[in-house]
Each structure stands twice: as structure tokens, then as C-alpha cells.
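For reference, the structure is listed below as C-alpha cells.
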Amino acid sequence: MRRGAIVGLGLLAAMALALSACGDDGSGNARVTLKWFIFNEPSGAPQKIADRCSAQSHGAYDIRFEYLPSQADQQREQLVRRLGAEDSSLDLIGMDVVWTGEFANAGWIRPVPAATAAAVSKDVFPSVLKTATFKGRLYTVPIWSNTQLLWYRKDRAPTPPKTWEQMLAMAAKIGPAKGRFQVQANRYEGLVVLVNQLIESAGTAVLSGPTQVELAKPQTERALQVLGELSHSPEAAANLTTSTEDTARLAFEGGNSTFMINYPYVYPSAKADVPAIFKVLGAAKLPQVDADKPSKPPIGGINIGVSAYSKHPAEAFAAARCLVKPQNQIEVAQLGGLPPVRSDLYDRPQIEKTYPGFANLIRSSIEDAAPRPSISPAYQDLSLAIQEALHPTTGIDPKNVGPTYDRLHDYVEKAVKREGLL
Amino acid sequence: MSAIPIGKRRRGGKPPLSDKTRAERKLAFMLCAPAVFAMLLVTAYPIGYAIVLSVQKLDLRFPDEGGFVGLSNYKTVLTSPLWWQGVGNTALIAVISVAIELVIGMGLALVMHRAIFGRGLVRTAVLIPYGIVTVVGAFAWFFAFDPSSGFVDHLGIWSPDKAWFGSHGSSLAVIIMAEVWKTTPFMALLLLAGLATIDEGLYEAARVDGATAWQRFSRITLPLLKPALLVALLFRTLDAFRVFDSIFVMTRGSENTESVSIIGYDQLISRLNLGLGSAVSVLIFVLVLLIAFIFVKLLGTSSPVGQGER
């Protein structure tokens with residue numbers, strides 16, 4: 016028995032050697048297939064630029080797509096299952112901007128090599144680079160960004176409001192039949208986006224370091240007060256506590272609303288769905304919490320990560336570098352309406368044509384944007400904790416926000432220490 | 503049947519085994535061995551591994567951490583209001599859905615048992631929901647009740663934009679309805695098998711003595727059906743206690759509709775906290791054991807055969 020096993024092992028080894036020898040012979044000019052795990056962006060822009068990069072690589076690599084679900088939390092769930100099991104089939108990963116801390120800390124993605132890092136950060140917004148960095152190192156390559164604007168109807172509100180309270184006053188003057196405003200306050204990531212921008216605009220932050228809670232009391236309470244006022248306003252959407260980007264867009268297109276906080280995708284949508292409203296559609300900077308402090312718009316978008324378990328990291332980084340070339344960023348903006356991460360591109364006529372009249376607004380919004388606290392490696396826990404502490408936002412008493420503040424602080428503290436069930 | 507005499511003989515002292523018996527025993531062991539081995543491999547190992555994980559601090563997102571933490575994961579789970587909310591939800595769903603299933607299932611079983619024509623058609627029709635994949639069934643119910651796609655809000659009974667999944671009570675109600683729709687056929691099938699074992703002669707004798715239909719049902723059918731009934735209840739309760747698919751599809755645990763399985767999934771799959779998640783899994787396992795134990799105790803004392811032997 017034992018001798019047989021040894022002979023068998025020897026045979027296997029010989030076969031393996033022979034096979035690897037064959038592989039060596041072929042690898043001189045063999046194309047490496049890189050698998051890019053990303054959600055299926057409906058415009059098909061990623062496919063176009065990936066094909067172009069594959070063609071331009073002179074046979075070095077070929078990018079293939081593996082599609083993830085359209086919802087961010089489902090995308091993450093599938094990715095972390097594979098990465099937790101050290102799956103080598105992932106090469107490039109289309110990562111939501113809030114996953115960087117978690118993925119980098121777990122050792123699932125490779126830090127970007129210095130030469131590539133210098134090339135891919137050129138002219139990129141500092142706020143965007145912040146979402147791609149963990150503990151001072153660039154871990155992902157930003158490809159497209161996103162931010163929210165205040166959309167309003169010029170026929171009902173000739174000048175856009177500067178602050179949230181001005182907006183509420185203007186809405187109240189118009190009345191609930193036509194003056195409603197749309198935000199995102201369902202129990203999901205969108206609520207964290209809303210809360211984080213209010214807290215940042217009030218002049219504080221959720222975290223000051225990967226595990227340090229900030230949440231300065233007077234500023235956070237001021238932000239919660241605004242959130243409470245929004246939620247109790249008679250002009251708030253009837254479905255406020257289950258509202259998402261899409262329910263907000265549909266309600267605004269329905270005609271009873273004057274204001275909406277949303278991403279730029281609502282612009283082409285209104286153009287196609289409701290030409291009458293599109294004619295009076297205006298865009299402005301996100302409202303401020305206090306008249307003397309600028310607002311801090313949210314930041315979204317996709318960064319490309321290279322899996323730590325990929326067998327072709329060099330080709331993967333070369334591909335990432337190609338995918339974020341200015342020409343490709345412009346094409347993604349033209350096809351999919353997704354804002355570039357390089358600030359210099361906003362002067363190009365193609366971008367001005369994509370965002371007629373508000374390209375500069377998007378640029379200044381991304382410039383001022385404050386990322387969500389994704390420096391925390393436990394961001395997922397943190398996000399769930401914020402949602403649990405504040406949903407439904409109608410439960411916040413704007414005249415007495417103390418209890419809500421204590422609750423939020425307690426939940427965030429626990430999440431950062433990763434205590435308790437979520 | 504032969505197990506009882508052997509047991510009785512044993513109690514009186516160990517008689518020497520004949521060569522034939524010994525050879526048969528050996529053969530029996532050898533025939534069982536592969537199955538036992540496979541069972542150990544696929545059940546005992548994962549259960550043991552889950553217990554080992556549950557006493558460790560282990561989070562795939564923090565590969566540098568780790569180590570034995572004793573029962574602290576269990577303490578975290580058992581002191582969390584979320585866990586008890588989940589246990590409450592799960593128990594509520596299990597009790598209500600099994601109770602409704604029992605009543606409807608009994609009715610269906612009687613219909614199938616007494617059906618004179620179209621018996622095959624009736625049985626097939628009743629079984630259809632059970633043959634549908636749970637996730638597909640859950641989506642069907644979700645889309646039926648969702649205000650943007652469903653017909654339920656247009657029945658004219660309530661407001662046309664009632665958000666069924668926007669509150670705790672109505673979400674649970676839809677989940678329970680989906681569960682009942684899906685598994686009543688299983689209940690009916692088990693009860694039908696029990697009905698088939700009851701001697702028709704008993705009913706004839708009762709009829710001759712002038713018993714009413716209700717008396718025949720309550721005095722003959724129910725007592726003789728009790729063993730089958732308890733088996734059906736045991737299966738369904740254990741099944742209902744693991745409810746996952748419907749909740750995952752319809753609410754994903756929002757509006758505090760988490761079941762214990764959803765809580766386990768969130769810790770293990772979404773947070774990758776293997777220590778905490780394994781503690782949740784082990785606690786679910788203990789609860790299931792407890793339910794099974796209670797039912798087996800009930801079964802043991804209730805079957806007419808069992809009472810005779812004692």
C-alpha cells in the first residue's frame with residue numbers, strides 16, 4: 016500500500032512538472048484573462064472601455080466581466096464571501112467607495128504600487144482619494160464619482176434655498192400640495208448618506224480615526240435637529256421613512272414636489288419621462304445646516320480594487336491604470352452620466368454637454384464633499400448602527416434631540432468596538 | 503417488533519449470543535458503518551466546528567485578531583434585545599402558522615380522503631404550492647402585496663397604497679400567510695397518511711350505534727390520528743422555526759421582522775463575524791433540540807401502542 020502511494024505521488028509530481036513545462040512554453044505570448052467583478056452598469060460604459068483597454072494591451076490581458084447584483088449591500092455580500100474564502104478567480108473588483116477600509120484591513124485587496132498610485136491620483140479630487148486610501152496608503156483606483164445636488168422647480172422656487180431651514184420655509188409657503196421635498200430616509204445606506212452629510216455640514220464628523228468616535232455634541236445635535244425638522248414638516252414626503260433615490264425621483268416626476276436631494280441621474284430621467292418638469296428643473300448646491308458653514312455634499316462612485324488572491328496582480332494594475340485614463344472617464348460620463356474623478360476633465364466640452372449648465376456645480380460639490388466614515392474597517396457595522404439608531408427619523412424630536420444624540424453616540428461607539436448583534 | 507423481546511431478555515441478564523447472531527450483528531454494523539461515517543462527516547463535524555468557533559473571537563475582516571474568549575459570544579447574544587426580538591418573532595411565526603396549517607391541513611386531508619371522484623386531481627392541486635421553490639413563492643407573495651406591483655391593494659378592501667411591508671404587524675402577517683400557503687399541503691399529506699390507517703369498520707359500527715359526524719370525528723378520527731398528528735406537528739414546528747427564505751425575500755429583516763435564522767445570517771455572511779454567528783447558530787440548534795425533545799416526550803406518552811407497553 017505505502018509503496019503504491021509513493022509511486023503514485025511520484026507519478027503525479029512528474030505529470031505536474033510536465034504540465035507546468037507546457038505552461039511555460041505557452042506563456043510567452045499567452046493572454047491573461049482578468050475577471051472584473053462589478054455590477055452591470057446599465058449604460059454598458061464599463062464594457063466599452065474594458066474592450067478598448069484589452070485591445071490596447073497588445074495581448075497582455077483580456078478583461079472579462081462577472082456581474083454582481085445591482086444593490087450595493089448584495090454586491091458586498093457576494094464579494095466578501097469569495098474574498099473570505101480566498102477565491103483566486105477575482106482580479107479586478109468594482110468597489111463602492113465605502114468598502115475600502117474593510118477590504119484593505121482584511122487583506123483582501125493589494126495596495127496600489129507607488130508608480131501606479133502616482134499616475135492614477137493625478138488631478139483626482141482629494142475627497143475622492145480619501146475614499147480610496149486606508150492608513151495613508153492608496154488601496155484602490157478611483158474610476159468614477161458621484162454626488163448629490165439640490166434639484167428644484169424654478170417655476171415654484173425662483174431662487175434656490177441656501178439652508179435646510181430656508182428650504183422648509185419656502186416649502187411651507189407653497190404648501191403640501193405642490194411644495195413637497197424628497198430625500199432618502201428608508202432604513203438603508205441612503206439614510207447614512209443623508210445623516211453623514213448633515214453631521215459634516217454642521218461642522219463635525221462621525222469618526223476622527225478608524226476606531227475613534229468624534230460626534231461633537233453641539234454640532235451633532237444641531238444636525239439631528241435639522242433632521243427632526245425635516246421629518247416632521249408637513250411638506251415631507253408621505254413615504255419619508257421608506258423613501259429611496261428612486262421613490263424620490265418618481266415622486267418628483269409626479270409633480271407634487273418642489274425640492275429633491277438626489278444624484279445627477281435624475282436629470283436625463285426627467286428629460287425622458289416628464290419634459291414639462293424638465294423645462295423648469297434647476298440644480299443647486301446641497302443646502303447648508305448653518306448659514307455660516309458651507310454644506311458638505313455626499314460622495315459615491317466606484318473605485319477599482321485588485322484582489323490579494325489574484326494570480327495576475329501586475330496585469331490587473333496595468334488594466335486599472337488604463338481603465339481610468341481621461342478618455343475613458345469621459346466616455347463613462349457621456350454614456351452613463353457618471354461624473355469623472357479628475358477635476359481637470361470638467362473643463363472639457365464633452366462633460367459640459369453631459370451636464371449642461373451644472374458641470375461646475377458637480378465639480379464644486381465633489382470638491383467640498385465629505386466621505387462617509389469608511390476609514391473604519393467595521394464600516395458595515397457602523398452603517399447598520401447609524402440606521403438602527405435613527406430610523407425612523409420621524410422619531411426625532413427637533414425640540415429635544417438629547418436622547419437621540421445619546422442613542423446615536425452609544426450605537427456608534429458599540430459598532431466601532433464591534434460589540435453586540437446587528 | 504423483535505426489538506422488544508431482545509430488550510426484555512437483556513434486562514434479565516446477558517445470555518450468550520449464538521454464532522449466527524454474532525455474525526449477523528457484525529454484518530449489521532458493517533452495513534451501517536458507511537452511513538454512520540457519512541453522518542458524522544456531514545453533521546457531527548460541522549456542529550462540532552460551530553461550537554469550537556463560537557467560543558472564539560473570530561472575524562474574517564480582522565485577520566489579526568482571534569483567540570479563545572470563553573462564553574462571551576453567548577453572553578453578547580443572550581443579552582441582546584435583537585436576539586430576543588428574533589426569538590419572539592420566530593416563535594410567533596411558528597405557532598400561528600402551524601396552528602392555521604393544522605386546521606386547514608386537517609380539512610384538506612379529510613377532503614382528499616373522502617373524495618369520490620377526481621381524487622388524483624384533488625391531491626395534485628393541493629400539492630402544487632408545496633412543489634414551488636420557497637424563494638419563488640415568497641417573491642410571488644411579495645409582488646402581490648407590494649404597493650407598486652401588487653393586486654392586493656386594488657381589491658377595494660383597504661387604501662390602495664397600503665404599505666404592507668412598512669410596519670411590523672402587517673409584514674409578519676404576510677410572511678405567515680406565505681408560510682401557511684406553502685406548507686399546508688405537507689401537513690395535509692402527513693395527516694392523510696394517518697387517516698388511511700384507521701379501520702373503516704370503526705366508523706360503520708359507530709354509525710350503526712347512531713353517532714353523529716362530529717362524534718365520529720372527535721371520538722374515532724382524532725384519538726387514532728394522534729400519533730400521525732404529533733409527527734406532523736413536530737416536523738412542521740421544526741421547519742417553521744427555521745423560517746428564513748420568506749423573510750429574506752420580503753423584508754430582509756426590516757421593521758424588526760428578523761427571525762433567528764436571519765440574525766445568524768447577518769452575523770455570519772454580512773458581518774463575517776464567525777465567532778458571534780456561530781454562537782447564534784449553536785443557540786438555534788439548542789432551541790431546535792428543545793422543541794424536538796418536548797415533542798418526542800409527548801409522542802412517547804400519547805401513542806396508544808406506547809401506552810400499552812408501559
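Protein sequence lines, in the order shown, are assigned to chains A and B.
If you want our numbering, it's the position in the first sequence, counting the first as 1, plus 15.
If you want our numbering, it's the position in the second sequence, counting the first as 1, plus 502.
Glycine is no exception: its CB is placed at the ideal position from the N, C-alpha and C atoms.
Helix, strand or coil for residue i per DSSP?
i                      : result
residue 413 of chain A : coil
residue 38 of chain A  : For residue 38 of chain A, the pLDDT reaches just 41, beneath the cut-off of 50, and the residue's location in the model is therefore unreliable, although a value from the coordinates is still provided. Here residue 38 of chain A sits in helix by DSSP.
residue 51 of chain A  : strand
residue 539 of chain B : helix
residue 619 of chain B : coil
residue 82 of chain A  : strand
residue 158 of chain A : strand
residue 43 of chain A  : Low local confidence applies: a pLDDT of 48 at residue 43 of chain A is under 50, so the model's placement there is unreliable, and no value is given.
residue 729 of chain B : helix
residue 139 of chain A : strand
residue 653 of chain B : coil
residue 282 of chain A : helix
residue 123 of chain A : coil
residue 179 of chain A : helix
residue 76 of chain A  : strand
residue 167 of chain A : strand
residue 775 of chain B : strand
residue 228 of chain A : strand
For residue i, return the contacting residues in chain B, with the cut-off set at a CB-CB distance below 7 angstroms.
i                      : result
residue 251 of chain A : Going along chain B, no residue has its Cβ under 7 angstroms from residue 251 of chain A, so there is no contact; the nearest lies around 15 angstroms.
residue 257 of chain A : 665 and 668
residue 99 of chain A  : 562 and 774
residue 10 of chain A  : Given that chain A is displayed from residue 16 to residue 437, the structure contains no residue 10 of chain A and the question cannot be resolved.
Identify the contact partners of residue i in chain B, using a Cβ-Cβ distance below 8 angstroms as the criterion.
i                      : result
residue 96 of chain A  : 771
residue 120 of chain A : 563 and 564
residue 396 of chain A : 773
Report the rounded CA-to-CA distance for residue i versus residue j, giving the unit in angstroms.
i                      : j                      : result
residue 414 of chain A : residue 283 of chain A : 39 angstroms
residue 563 of chain B : residue 106 of chain A : 19 angstroms
residue 742 of chain B : residue 537 of chain B : 28 angstroms
residue 421 of chain A : residue 325 of chain A : 44 angstroms
residue 396 of chain A : residue 69 of chain A  : 38 angstroms
residue 675 of chain B : residue 595 of chain B : 9 angstroms
residue 381 of chain A : residue 155 of chain A : 18 angstroms
residue 168 of chain A : residue 398 of chain A : 32 angstroms
residue 523 of chain B : residue 542 of chain B : 27 angstroms
residue 208 of chain A : residue 86 of chain A  : 15 angstroms
residue 550 of chain B : residue 578 of chain B : 21 angstroms
residue 785 of chain B : residue 582 of chain B : 13 angstroms
residue 108 of chain A : residue 95 of chain A  : 11 angstroms
residue 88 of chain A  : residue 732 of chain B : 42 angstroms
residue 709 of chain B : residue 716 of chain B : 11 angstroms
residue 792 of chain B : residue 801 of chain B : 14 angstroms
residue 193 of chain A : residue 735 of chain B : 56 angstroms
residue 445 of chain B : residue 649 of chain B : Any question about residue 445 of chain B goes unanswered here, given that chain B covers just 503 to 812.
Pull up the CB-CB distance for residue i and residue j, whole angstroms please, since I reckon it's below 8 angstroms.
i                      : j                      : result
residue 136 of chain A : residue 153 of chain A : 7 angstroms
residue 767 of chain B : residue 687 of chain B : Actually they do not touch by this definition, with Cβ atoms about 27 angstroms apart.
residue 112 of chain A : residue 352 of chain A : Contact doesn't hold; Cβ gap of about 17 angstroms is too wide.
residue 411 of chain A : residue 243 of chain A : 4 angstroms
residue 646 of chain B : residue 638 of chain B : So it is not a contact: roughly 13 angstroms between Cβ atoms.
residue 667 of chain B : residue 753 of chain B : 5 angstroms
residue 336 of chain A : residue 134 of chain A : 6 angstroms
residue 77 of chain A  : residue 98 of chain A  : Going by Cβ atoms, the distance from residue 77 of chain A to residue 98 of chain A rounds to 23 angstroms, so no, they are not a contact pair.
residue 311 of chain A : residue 384 of chain A : 7 angstroms
Kindly list, in the order they appear in chain B, the residues whose Cβ is closer than 9 angstroms to that of residue i.
i                      : result
residue 393 of chain A : 561, 563, 564 and 773
Counting only Cβ pairs nearer than 9 angstroms, list the residues of chain A close to residue i.
i                      : result
residue 555 of chain B : Within chain A, no residue comes near residue 555 of chain B; the closest Cβ sits about 13 angstroms away, beyond 9 angstroms.
residue 585 of chain B : 436
What residues from chain A crowd round residue i, counting only those whose CB sits closer than 7 angstroms?
i                      : result
residue 574 of chain B : By Cβ distance, chain A contributes nothing, its closest Cβ being about 10 angstroms from residue 574 of chain B, past 7 angstroms.
residue 756 of chain B : 202
residue 582 of chain B : 435 and 436
residue 765 of chain B : 436
Taking C-beta pairs closer than 8 angstroms, name the residues in chain A that residue i reaches, listed in chain order.
i                      : result
residue 579 of chain B : 436
residue 727 of chain B : Within chain A, no residue comes near residue 727 of chain B; the closest Cβ sits about 42 angstroms away, beyond 8 angstroms.
residue 778 of chain B : 436
Quick check: the stretch 270–284 of chain A against the stretch 333–350 of chain A, are there 3 or more CB pairs under 8 angstroms? no
What are the residues in the stretch 631–655 of chain B lying within 8 angstroms of chain D by C-beta distance? In the displayed structure, chain D is absent; the protein chains listed are A and B.
With contact counted as at least three CB pairs below 8 angstroms, one residue from each stretch, are the stretch 767–776 of chain B and the stretch 689–708 of chain B in contact? no
Would you call the stretch 252–261 of chain A in contact with the stretch 191–198 of chain A, where contact means no fewer than 3 C-beta pairs closer than 8 angstroms? yes
Tell me whether the stretch 681–700 of chain B and the stretch 719–726 of chain B touch, counting them as touching only if at least three CB pairs, one residue from each stretch, are closer than 8 angstroms. yes
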